[in-house]
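Converting from the sequence shown to this note's numbering requires adding 3 to each position, the first position being numbered 1. Quick reminder that beta carbons are idealized off the backbone N, C-alpha and C, glycines included. Presented below is the structure to which this report refers.
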Amino acid sequence: MTMANSIQMMGKVVITGSIQLMTGLHIGGAAAGLDIGGVDNPIIRHPVTREPYIPGSSLRGKIRSLLERAYNLPLNKKVQDVRLHECYRESEYQQCPICHVFGVSPGERERGISQGEQADRRGEWASYKPTRLVVRDVALHSDSKAKLEQADTDLPYTEVKWEASIDRITSAAVPRQNERVPAGTRFEPFEMIYTLYRLNGNDWQRDAEWLKVLFEGMRLLEDDYLGGYGSRGAGKIAFENLRVELRPLAYYIQANPPVELAAELDLRNDGQIQAIIDRCKTQLQAGQ
4 MTMANSIQMM
14 GKVVITGSIQ
24 LMTGLHIGGA
34 AAGLDIGGVD
44 NPIIRHPVTR
54 EPYIPGSSLR
64 GKIRSLLERA
74 YNLPLNKKVQ
84 DVRLHECYRE
94 SEYQQCPICH
104 VFGVSPGERE
114 RGISQGEQAD
124 RRGEWASYKP
134 TRLVVRDVAL
144 HSDSKAKLEQ
154 ADTDLPYTEV
164 KWEASIDRIT
174 SAAVPRQNER
184 VPAGTRFEPF
194 EMIYTLYRLN
204 GNDWQRDAEW
214 LKVLFEGMRL
224 LEDDYLGGYG
234 SRGAGKIAFE
244 NLRVELRPLA
254 YYIQANPPVE
264 LAAELDLRND
274 GQIQAIIDRC
284 KTQLQAGQ
């Protein structure tokens, strides 16, 4: 077992931009309960402003889920009724880009949790593997906020979409209401931060190469859906105005300026993405 006696941060790659809704978006919040005028399936809102927002956890979880399927990874962990992938052996982790980028849970002994066979298979090594990806919550952009305040929406900033379940024998309809943020709404600033590490003095360049996994996940999400009711048309999004910059260790220690890697990223331009990775490695190598 290889323990990480040293974990050195080499730098952070910061991806910023905006998220445009191509169709209505439903990311569920607390149920309306018995409130008069409440909808059956409300969206999540900021607790103070009551504005809709996109939780970073929703973005991060959806991208990871799509990548796990794209890489054909075993769904070997179950959290309540949700199946997902997580490496239980360090040898598997060393070859798994998804667990490197998104992280693994700490060892069960460290958490003080017993999960039977899974706990027996998990060693303390997982407690020494840092998570590389941070995804921020994305707020409603001020322009979209102003437009929605002027629009004749069913609820503040949102529409109510009626749907019905049809009894296959009697044809009786059971209506229900789904709250959605309307198509055309923009959320900004969108921000993801990917940290590159050197563990035990070992080469950090694989961290830079696995940055491409994150861009693959963003491409997958654009052709899938975010939130609920995606099979019925909701949740199609587009990443726009993407910018990528590198903040080396000297950015934090010596207040050096960041390094621009892409002023306008095209997610479907593999050549541009590889150039971003190559320049990231060159800049970090020069700073050592």
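**OP:** Please state whether DSSP places Gln208 in a helix, a strand or coil.
**Re:** Gln208: helix per DSSP, three-state reduction.
Subject >> Status (buried if at least 16 other CB within 10 Å, exposed otherwise) for Thr134 >> reply: The residue is exposed, with fewer than 16 neighbouring Cβ atoms inside 10 Å.
**OP:** Give me the Cα-Cα distance between Asp273 and Asp155, rounded to the nearest whole angstrom.
**Re:** In this structure, the CA atom of Asp273 is about 42 Å from the CA atom of Asp155.
Original post:
Can you tell me whether Lys239 is buried or exposed, with buried defined as 16 or more other CB within 10 angstroms of its CB?
Top reply: Per the 10 Å Cβ criterion, buried.
Subject >> CA-to-CA distance, Val51 to Pro159, given in whole angstroms >> reply: Each residue's CA atom was taken as its position, placing Pro159 and Val51 some 14 Å apart.
**OP:** Quick one: grab the DSSP three-state call for Thr285.
**Re:** In this structure, Thr285 counts as helix in the three-state DSSP scheme.
Original post:
Measuring CA to CA, which of Val107, Pro192, Tyr200 and Arg86 is closest to Gln11?
Top reply: Measuring from the Cα of Gln11, the nearest candidate turns out to be Tyr200.
Original post:
For Arg183, which option in Leu287, Gly233 and Cys99 has the closest C-alpha, if you only look at C-alpha atoms?
Top reply: Of Leu287, Gly233 and Cys99, the residue nearest in Cα terms is Gly233.
**OP:** With DSSP as the reference, label Gly231 as helix, strand or coil.
**Re:** Shown here, Gly231 sits in coil according to DSSP, grouped into three states, outside any helix or strand.
Original post:
How would you call Ile22, buried or exposed, if buried means at least 16 neighbouring beta carbons within 10 angstroms?
Top reply: Sixteen is the threshold: when 16 or more other Cβ atoms of the shown chains lie within 10 Å of the Cβ of Ile22, as they do, the residue is buried.
Subject >> Contacts around Gln121, its chain only, beta-carbon distance under 6 Å, and the 5 residues preceding and following it disregarded >> reply: Low confidence applies to Gln121: its pLDDT is 49, below 50, so where it sits in the model is not reliable, and the reading given next is rough at best. Nothing meets the Cβ criterion.
**OP:** Report yes or no: do three or more beta-carbon pairs, one from the region 185 to 199 and one from the region 13 to 28, lie closer than 8 Å?
**Re:** Two segments are said to touch when three or more pairs of C-beta atoms, one from each, lie closer than 8 Å; by this definition the region 185 to 199 touches the region 13 to 28.
Subject >> Residues of its chain near Trp213, where Cβ-Cβ distance is below 7 Å and the 5 sequence neighbours each way are ignored >> reply: The answer, listed in chain order, is Pro100, His103 and Val104.
Original post:
So, do the region 216 to 226 and the region 251 to 262 have three or more beta carbon pairs nearer to each other than 8 Å?
Top reply: Under the 8 Å Cβ criterion, the region 216 to 226 does not count as touching the region 251 to 262, having fewer than three qualifying pairs.
**OP:** Check the DSSP bridge columns for Trp213 and list the partner residues they point to.
**Re:** The partner list for Trp213 (beta bridge, DSSP) is empty, contrary to what the question assumes.
**OP:** Mark Ala266 as exposed unless 16 or more other C-beta atoms lie within 10 angstroms of its C-beta, in which case mark it buried.
**Re:** Exposed is the call here.
Original post:
Once you ignore the five residues that flank Ile39 on each side, which residues in its own chain have a CB closer than 8 Å to its CB?
Top reply: Residue confidence for Ile39 is low, a pLDDT of 45 falling below 50, so the modelled location carries little weight; the figure read from the coordinates is stated next. Cβ within range, chain order: n/a, list empty.
**OP:** Inspect the CB distances between the region 13 to 21 and the region 244 to 258 and report whether three or more fall short of 8 Å.
**Re:** Verdict: yes, contact present.
**OP:** Inspect the beta-carbon positions of Ile47 and Ile66 and report whether they are closer than 8 Å.
**Re:** By the CB criterion at 8 Å, Ile47 and Ile66 fall outside the cutoff.
**OP:** Would you give the residue range spanned by the alpha helix (DSSP H) that Tyr160 belongs to?
**Re:** Careful: Tyr160 lies outside any alpha helix (DSSP H) and carries neither H nor E.
**OP:** Buried or exposed for Leu37, please, with buried defined as at least 16 other CB atoms from any protein chain shown within 10 angstroms of its CB.
**Re:** The predicted position of Leu37 is uncertain, since its pLDDT is 40 and thus under 50; no value can be drawn from it.
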